[in-house]
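Colleague:
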Amino acid sequence: MRLAPRQYRYLEALGIEVYQTRVRQDVKETGLTPVCGHENMQVTGSGLPQAGPGPEVVPGAAEAIATRQGDRVTHDWEALQREVAGCRLCPLHEGRTQTVFGVGDVNADLMLIGEAPGAEEDRRGEPFVGRAGKLLDAMLQALGLARQQVFIANILKCRPPNNRDPRPEEVLACENYLAQQINTVKPRLILALGRVAAQNLLKTETPIGKMRGKRFQYGDPPVPVVVTYHPAYLLRSPREKRKSWQDLQLAMTIYKEQT
Ligand code: URA
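Take 95 as the starting number for the sequence shown in my numbering and just add one per residue.
Shown next as structure tokens:
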């Protein structure tokens, strides 16, 4: 199986080392992008021991996501945007510069859900635009996806002061907005980014380490959910990037099962 050059570049940008145990002579000589097979490719987080066979790149998943954009009904979308923009359901509205509704393709097959806006997001009105957002973009690009091809939202639409965790009453106040977003976008797969997103979306207190690598579901009809680490956590703990790459591959495998 072949890693596209852009995937290779972004894996490198993520700090995920991709190498071959058996490098063909012609590749060595020409410097062309390596052809990576399941049996001879390993993907590691920087600094981690390089043990065991690497995960398989899911062929065609990104292309399938990119091309399957149907004519889904979005009639309530603008009304929802207006409602969120004027929301005063919890005290967080007092400290916000603006609400952060979400960004991307309303018909996206992949929906990413984070925690809440930070300072930069509050200022710009768009989720994941700070340092964590740059890493998220790189993660998406490793899958061959641009942020315009997915939909990115948060559990909360307003920034909690000092980036503290969302409070239960704030989550409750915002819950219906996210539910409506998911019902409208109708993604084939949701990727929950980090503990707060995963626990609030799935209504559980299970630690994130125990949620990774599994398939959950949200809503009715059920949308499959995969949980991975928050990009901000990955910035603090780069050794976990290897696991996040495995999570992304699990997400793509489950996504492909939906087609
Ligand atoms: N972290 C989040 O969870 N969401 C954002 O939009 C930005 C940072």
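Glycine included, C-beta positions come from ideal geometry on N, C-alpha and C.
Treat the numbers as computed from the prediction; the structure is a model and nothing was measured.
Would residue 266 be called buried (16 or more neighbouring beta carbons within 10 Å of its own) or exposed?
Modeller: exposed
Colleague: If you drop the 5 nearest sequence neighbours on each side, which residues of the same chain put their C-beta closer than 6 Å to that of residue 310?
Modeller: So the list reads 296, 319, once near-sequence residues are dropped.
Colleague: Do the CB positions of residue 222 and residue 249 come within less than 7 Å of each other?
Modeller: no
Colleague: Please report the straight-line C-alpha distance between residue 338 and residue 323, rounded to a whole angstrom.
Modeller: Counting only the Cα atoms, residue 323 lies some 6 Å from residue 338.
Colleague: Quick check: is any heavy atom of the ligand URA less than 6 Å from the C-beta of residue 195?
Modeller: no
Colleague: I think residue 209 touches residue 194, with their Cβ atoms under 8 Å apart; what is that distance to the nearest whole Å?
Modeller: With a Cβ gap of about 11 Å, residue 209 and residue 194 do not count as contacting.
Colleague: Could you round the C-beta distance between residue 287 and residue 206 to whole angstroms and report it? I think they count as a contact, below 8 Å.
Modeller: Between residue 206 and residue 287 the Cβ distance is about 6 Å, and since that is below 8 Å, they are a contact.
Colleague: Using three-state DSSP, classify residue 352 as helix, strand or coil.
Modeller: coil
Colleague: Can you give me the start and stop residues for the beta strand (DSSP E) that residue 200 sits inside?
Modeller: Segment: none, residue 200 is in no beta strand (DSSP E) and carries neither H nor E.
Colleague: Is the separation between the beta-carbon of residue 283 and that of residue 345 shorter than 7 Å?
Modeller: yes
Colleague: What residues match up with residue 318 in a beta bridge as DSSP calls it?
Modeller: Note: residue 318 sits in a beta bridge opposite 311.
Colleague: May I have a chain-ordered list of the alpha helix (DSSP H) segments no shorter than 4 residues that lie completely inside the segment 212-292?
Modeller: 213-218, 225-236, 262-279
Colleague: Determine the extent of the alpha helix (DSSP H) in which residue 172 is found, giving its start and end residues.
Modeller: 171-179
Colleague: Return yes when at least one heavy atom of the ligand URA lies under 6 Å from the C-beta of residue 294, else no.
Modeller: For the ligand URA, not one heavy atom lies less than 6 Å from the Cβ of residue 294.
Colleague: What separation, rounded to the nearest whole angstrom, lies between the Cα atoms of residue 336 and residue 198?
Modeller: Cα to Cα, residue 336 sits roughly 26 Å from residue 198.
Colleague: Give me the Cβ distance between residue 342 and residue 239, rounded to the nearest whole Å; I'm assuming they're in contact under 8 Å.
Modeller: Incorrect: roughly 10 Å between the Cβ atoms, too far for contact.
Colleague: Among 293, 315, 313, which residue has its Cα nearest to the Cα of residue 306?
Modeller: Looking at 293, 315, 313, the one whose alpha-carbon comes closest to that of residue 306 is 293.
Colleague: Going by the DSSP bridge assignment, what does residue 302 pair with across the sheet?
Modeller: Per DSSP, none; premise fails for residue 302.
Colleague: Can you list, in chain order, the residues of its chain with a C-beta nearer than 7 Å to that of residue 268? Leave out the 5 residues immediately preceding and following it.
Modeller: 249, 250, 251
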